[in-house]
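Right, one structure below, let's go through it.
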DNA sequence: CGTTTGTTTGAAAGGCTTCAACTACAGTGG
DNA sequence: CCACTGTAGTTGAAGCCTTTCAAACAAACG
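Chains as they are written, first to last, in the UniProt record's numbering: chain A, 1 to 218; chain Y, 1 to 218.
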């Protein structure tokens with residue numbers, strides 16, 4: 001959150017940061033309809049955002065790793081439009097939105113940063129759209145996760161699938177059975193090793209090639 | 001663009017508006033890689049935004065009708081990430097983004113309006129995602145188009161499909177043949193009449209019911 | 001009037017889902 | 001420590017929807 005801002009500005013930012021946590025698996029950060037008051041940055045753990053449609057089916061909107069921001073889609077409205085739940089042990093920083101919004105009026109750097117965060121999310125949603133094959137979706141999911149974790153200092157080749165297969169399926173708009181089958185085939189093709197929720201990517205190059213049609217924009 | 005703003009503010013806004021047009025079918029508003037300088041509001045006609053993937057396939061990102069804003073996704077970066085082309089005779093208002101951005105720092109109402117515009121687009125992209133059937137997609141497309149046109153004073157029941165079948169197909173991630181077949185079936189089911197690009201919705205209720213699973217969020 | 005582009009129609013093929021059953025694991029209480 | 005129970009994950013077979021391929025057709029344009 002510190003880009004184009006001087007030290008004094010950062011000082012002001014610290015004034016409106018509230019540290020939250022630890023939350024445990026299953027704890028909710030916010031729920032649909034909760035009054036929108038703050039956005040939050042994940043400091044540790046994984047947060048899943050999702051909605052339940054009228055038919056009772058769950059749609060996973062995204063997974064959020066350390067360094068990433070949740071709650072941005074609440075800005076257009078006075079309540080959160082989705083649920084956010086911790087998948088493991090989670091630490092957060094809450095930023096009061098009214099306060100940050102006022103501050104943004106005085107700090108062009110902050111305003112621009114917020115504009116950019118919002119604008120970026122418009123594009124990110126496009127990952128899901130498109131009629132990709134199950135293989136392409138899964139590869140793109142794994143490559144994206146690997147990159148995002150690596151950007152935060154974690155291993156790009158070994159990490160945990162902190163979410164259930166069902167969550168992955170709901171995120172990728174696939175049946176859980178398909179997720180299972182694709183992962184198995186990827187393993188027998190030597191692309192990766194997967195044991196329960198432990199994942200090791202063996203061939204980033206080939207996996208990236210599979211994901212390429214989906215990720216060419218990023 | 002006038003919400004929570006007083007007359008003096010509106011006066012300032014008029015200072016940075018530039019009227020553009022008329023553009024004719026096939027004329028581009030901007031192209032991928034053009035320097036991002038402005039957002040634009042459609043005053044008349046239809047604008048299609050799209051990208052060409054490395055395989056040469058066109059992906060239609062959206063259609064934009066009078067009263068709607070294009071170019072927002074350029075904010076995160078210094079060039080436009082997509083192409084915008086006129087589908088018929090188009091009139092535009094250009095808003096210089098650097099200027100509007102500075103002004104937003106002084107007008108909290110404008111800043112909030114921009115935040116909301118951006119935030120809303122994050123959600124809108126979700127229309128495409130989801131693994132809906134061809135019928136559901138087409139119904140949602142027609143209902144959404146009808147509503148948006150009606151919101152601007154046009155007829156909700158009779159309007160022109162200003163875009164080609166191929167464009168609709170690329171937008172809905174369907175084959176053009178499927179678009180053709182679905183429209184034909186809708187017609188023989190008494191949902192609508194379609195003659196070339198002229199469309200009349202005969203049964204908004206049933207069409208809305210078909211689209212409901214896709215549109216329940218809006 | 002011929003050519004090009006866009007649209008429609010038909011038949012076959014493919015990929016994912018659905019349904020059903022089975023397996024593995026974690027937590028619980030005996 | 002071990003059986004038990006419930007949840008999560010895996011595996012197999014059948015079915016369905018959309019795509020693909022191919023061709024006919026219509027409209028627009030020179």
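Beta carbons are placed, not taken as given, at the ideal position from N, Cα and C, and that holds for glycine.
On a predicted model such as this, the values are computed, not experimentally measured, just so you know.
CB contact below 8 angstroms: residue i versus chain Y
i: residue 195(A); result: no
i: residue 75(A); result: yes
i: residue 206(A); result: no
i: residue 36(A); result: no
i: residue 115(A); result: yes
i: residue 118(A); result: yes
Under 9 angstroms by beta carbon: chain Y residues contacting residue i
i: residue 108(A); result: 101, 102, 105
Contacts of residue i in chain Y (Cβ-Cβ under 8 angstroms)
i: residue 155(A); result: In chain order: nothing, as chain Y lies at least about 28 angstroms away.
Distance, residue j Cα to residue i Cα
i: residue 58(Y); j: residue 165(A); result: 32 angstroms
i: residue 45(A); j: residue 19(A); result: 14 angstroms
i: residue 33(Y); j: residue 152(Y); result: 31 angstroms
i: residue 40(Y); j: residue 17(Y); result: 9 angstroms
i: residue 168(Y); j: residue 129(A); result: 15 angstroms
i: residue 131(A); j: residue 170(A); result: 15 angstroms
i: residue 161(A); j: residue 183(A); result: 12 angstroms
i: residue 173(Y); j: residue 64(Y); result: 18 angstroms
i: residue 37(A); j: residue 96(A); result: 6 angstroms
i: residue 53(Y); j: residue 215(A); result: 10 angstroms
i: residue 117(A); j: residue 154(Y); result: 35 angstroms
i: residue 35(A); j: residue 188(A); result: 48 angstroms
i: residue 201(Y); j: residue 29(A); result: 43 angstroms
i: residue 43(Y); j: residue 72(Y); result: 16 angstroms
i: residue 107(Y); j: residue 68(Y); result: 21 angstroms
i: residue 274(Y); j: residue 55(Y); result: In this structure chain Y extends from 1 to 218, so residue 274(Y) is not present and cannot be described.
i: residue 2(Y); j: residue 70(Y); result: Reliability fails at residue 2(Y), whose pLDDT of 36 lies under 50, so the model's placement of it is uncertain and no value is given.
Secondary structure of residue i, DSSP reduced to three states
i: residue 115(A); result: helix
i: residue 184(A); result: helix
i: residue 73(Y); result: helix
i: residue 171(Y); result: helix
i: residue 48(Y); result: strand
i: residue 178(Y); result: helix
i: residue 163(Y); result: coil
i: residue 59(A); result: strand
i: residue 87(A); result: coil
i: residue 110(Y); result: helix
i: residue 21(Y); result: strand
i: residue 35(A); result: strand
i: residue 139(A); result: helix
i: residue 191(Y); result: coil
i: residue 129(Y); result: coil
i: residue 16(Y); result: coil
i: residue 41(Y); result: strand
i: residue 97(A); result: helix
i: residue 3(Y); result: Low local confidence applies: a pLDDT of 39 at residue 3(Y) is under 50, so the model's placement there is unreliable, with the coordinate-based value given in what follows. Coil, per DSSP.
i: residue 202(A); result: coil
i: residue 148(Y); result: helix
Cβ of residue i within 8 angstroms of any chain A Cβ
i: residue 130(Y); result: yes
i: residue 111(Y); result: yes
i: residue 53(Y); result: yes
Neighbouring residues, chain A, relative to residue i (Cβ below 9 angstroms)
i: residue 173(Y); result: 129, 130, 131
beta-carbon residue i near the ligand ATP non-hydrogen atom, thresh 7 angstroms
i: residue 175(A); result: Only the bare structure without any ligand can be found here, which leaves the ligand ATP out of the picture.
Query raised in the report: Okay, do the stretch 67-84 of chain A and the stretch 193-207 of chain A touch, 3+ Cβ pairs below 8 angstroms being the bar?
Result: Contact check between the stretch 67-84 of chain A and the stretch 193-207 of chain A: fewer than three CB pairs, one atom from each, fall below 8 angstroms, which does not count as touching.
Query raised in the report: Looking at C-beta atoms only, is the number of pairs between the stretch 87-105 of chain A and the stretch 21-34 of chain A that lie closer than 8 angstroms three or more?
Result: In short, these stretches touch, since the Cβ pair count reaches three.
Query - Given 8 angstroms, three or more beta-carbon pairs between the stretch 134-143 of chain Y and the stretch 132-139 of chain A - result: Counting Cβ pairs under 8 angstroms, fewer than three are found: no touch.
**Report entry** Any 3 or more C-beta pairs closer than 8 angstroms across the stretch 104-116 of chain Y and the stretch 100-114 of chain A
**Finding:** Three or more pairs of CB atoms, one per stretch, sit closer than 8 angstroms, so the stretch 104-116 of chain Y contacts the stretch 100-114 of chain A.
**Report entry** Contact the stretch 99-109 of chain Y vs the stretch 138-145 of chain Y: 3+ CB pairs below 8 angstroms
**Finding:** Contact between the stretch 99-109 of chain Y and the stretch 138-145 of chain Y is absent, because fewer than three Cβ pairs lie under 8 angstroms.
**Report entry** the stretch 171-180 of chain Y contacting the stretch 204-218 of chain Y, beta-carbon criterion three pairs below 8 angstroms
**Finding:** Segments in contact, no.
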